[in-house]
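Undergrad:
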Amino acid sequence: MNYGKLYGVGVGTGSPDLMTVRAVNVLQSVDVIAIPNSSKHTKSVAWRIAGSAVGPVEGQERLDLLFPMTKDPAITVPAWNEAFNQIGERLKAGKSVAFITEGDPLFYSTYIYLHKAAPERWPGIETEIVPAVSSFTAVPSVIGAPIADGQERVAVVPASYGLDELPAILKLFDTVLLMKVSSVMPRLVEILEAEGMLDKSVYVSKATMPLQMIEADLKKIANDKCDYFSMVMVSKGERNGILAGRFADTAAADAGNNANGQAV
Ligand SMILES: C[S@@+](CC[C@H](N)C(=O)[O-])C[C@H]1O[C@@H](n2cnc3c(N)ncnc32)[C@H](O)[C@@H]1O
Numbered sequence: 132m133n134y135g136k137l138y139g140v141g142v143g144t145g146s147p148d149l150m151t152v153r154a155v156n157v158l159q160s161v162d163v164i165a166i167p168n169s170s171k172h173t174k175s176v177a178w179r180i181a182g183s184a185v186g187p188v189e190g191q192e193r194l195d196l197l198f199p200m201t202k203d204p205a206i207t208v209p210a211w212n213e214a215f216n217q218i219g220e221r222l223k224a225g226k227s228v229a230f231i232t233e234g235d236p237l238f239y240s241t242y243i244y245l246h247k248a249a250p251e252r253w254p255g256i257e258t259e260i261v262p263a264v265s266s267f268t269a270v271p272s273v274i275g276a277p278i279a280d281g282q283e284r285v286a287v288v289p290a291s292y293g294l295d296e297l298p299a300i301l302k303l304f305d306t307v308l309l310m311k312v313s314s315v316m317p318r319l320v321e322i323l324e325a326e327g328m329l330d331k332s333v334y335v336s337k338a339t340m341p342l343q344m345i346e347a348d349l350k351k352i353a354n355d356k357c358d359y360f361s362m363v364m365v366s367k368g369e370r371n372g373i374l375a376g377r378f379a380d381t382a383a384a385d386a387g388n389n390a391n392g393q394a395v
C-alpha cells in the first residue's frame with residue numbers, strides 16, 4: 132500500500148520565532164496537521180506555538196486528537212489507539228500527516244510512541260523527523276547557564292518518576308536537568324537542601340513562553356502549585372572549561388600558539 136508520509140515535527144518550547152524554517156515549511160505543505168490535546172477543553176500547547184507561524188492553508192485538515200494526561204493505561208491505551216487509527220485513515224488515503232510536538236519530537240514526547248508504532252501499523256511507511264529547540268536547551272538559555280563545557284557531564288532526570296537516586300546523580304554529574312518537577316517540588320527542594328545544592332539550583336517555568344518565570348530561591352516556591360512546563364537546573368560548575376583541571380597547561384600553550392593569538 133502507498134501510505135502518505137508521516138512527519139514528527141517539533142515546534143520548539145514557546146516562542147513561535149524559535150520554530151525552525153523547516154518546521155514551518157513542512158507544516159504549510161502537508162495535507163493534515165495532527166494536533167495532540169490533553170483534554171477536549173484545552174487547546175494543544177504545540178498548536179498555540181505553531182498556529183500563528185503556519186497560518187491558514189487552503190485544503191489542509193487540522194486534526195484534533197486526544198491524549199489524556201495520565202499514566203493509567205486503562206485510559207491511555209484506548210485513547211491513543213483511537214488517535215493512531217484516525218492518523219492511519221489519513222495515511223492510508225495517501226495523505227501526508229505532520230504530528231506536532233512541543234519542544235523536540237524525540238525528547239519525552241508523545242510522537243515517540245507513534246514513531247515506534249508506525250512501521251508495525253503501516254508497513255513500509257516513510258517517516259521524517261523535524262528536530263526543534265527543546266526545554267533541554269531553552270531552560271539553560273533563559274537562565275544564561277552553560278549546559279556543559281570541557282570535562283563536564285550532564286544528566287537529565289524525569290523527576291516525577293522518582294527521586295531516590297538523585298543524591299547519587301548529583302555526585303556524579305556537573306549539570307542535572309530535572310524535568311517534570313511540578314508534582315514533586317517539596318521533596319525535590321528537601322533533597323537539594325540536604326545535598327547542599329540549593330544555591331546551585333534554579334527553577335524555570337514556561338521557558339520562552341509569554342508567562343516565563345525564573346526563580347533562584349526554590350524554597351520560596353516549593354509548596355506552590357507549580358506549572359507542568361517547569362524544570363529545575365542544577366549547575367555545579369566545578370570542573371568546567373578546557374582551561375580547568377589537568378588540561379590547563381596544554382590548553383594554555385595551545386592558546387598561546389594560536390596563529391591569531393586567540394584562545395581556542
Ligand atoms: C512531556 S515533556 C516534553 C519535552 C519536550 N518534548 C522538549 O523537547 O522539551 C514535558 C516536560 O518538559 C519540560 N518542559 C517542556 N517545555 C518547557 C518549557 N517551555 N519550560 C520549562 N520546562 C519545559 C517540563 O519539565 C515538562 O514537564
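Offset between the sequence shown (1-based) and the numbering used here: plus 131. The C-beta atom is built at its ideal place from N, Cα and C for all residues, glycine as well.
Could you compute how far the alpha carbon of residue 202 sits from the alpha carbon of residue 215?
TA: Distance between the alpha carbons of residue 202 and residue 215 is about 18 Å.
Undergrad: Excluding the 5 residues preceding and the 5 following residue 147 in the sequence, name in chain order all residues of the same chain whose CB lies nearer than 8 Å to its CB.
TA: So the qualifying residues of the chain are 180, 181, 183, 184.
Undergrad: Going by the CB atoms, is the gap between residue 242 and residue 211 shorter than 8 Å?
TA: No.
Undergrad: How is residue 244 classed by DSSP in three states: helix, strand or coil?
TA: Helix.
Undergrad: With a threshold of 7 Å, establish whether the CB of residue 311 neighbours any heavy atom of ligand 1.
TA: Yes - ligand 1 has a heavy atom lying nearer than 7 Å to the Cβ of residue 311.
Undergrad: Indicate the three-state DSSP secondary structure (helix, strand or coil) for residue 364 in the structure shown.
TA: In this structure, residue 364 counts as strand in the three-state DSSP scheme.
Undergrad: Any idea what DSSP makes of residue 236, helix, strand or coil?
TA: DSSP places residue 236 in coil when its eight states are reduced to three.
Undergrad: When you compare the region 140 to 158 with the region 256 to 265, are there three or more beta-carbon pairs, one atom per stretch, that lie closer than 8 Å?
TA: Yes, they touch.
Undergrad: For residue 269 versus residue 364, is the C-beta distance shorter than 8 Å?
TA: Contact: no.
Undergrad: Run the proximity test for residue 235: is its beta-carbon closer than 7 Å to any non-hydrogen atom belonging to ligand 1?
TA: Yes - ligand 1 has a heavy atom lying nearer than 7 Å to the Cβ of residue 235.
Undergrad: Using the C-alpha atoms, what's the distance from residue 329 back to residue 356?
TA: The alpha-carbon atoms of residue 356 and residue 329 are separated by roughly 19 Å.
Undergrad: Which runs of the beta strand (DSSP E) at least 3 residues long sit entirely within the region 312 to 345? Give them in chain order.
TA: Counting only runs of 3 or more, we get 332 to 336.
Undergrad: Is residue 337 near ligand 1, with its Cβ less than 7 Å from a heavy atom?
TA: Checking the Cβ of residue 337 against ligand 1 gives yes.
Undergrad: For ligand 1, is there a heavy atom less than 7 Å away from the beta-carbon of residue 340?
TA: Under cutoff, so the answer is yes.
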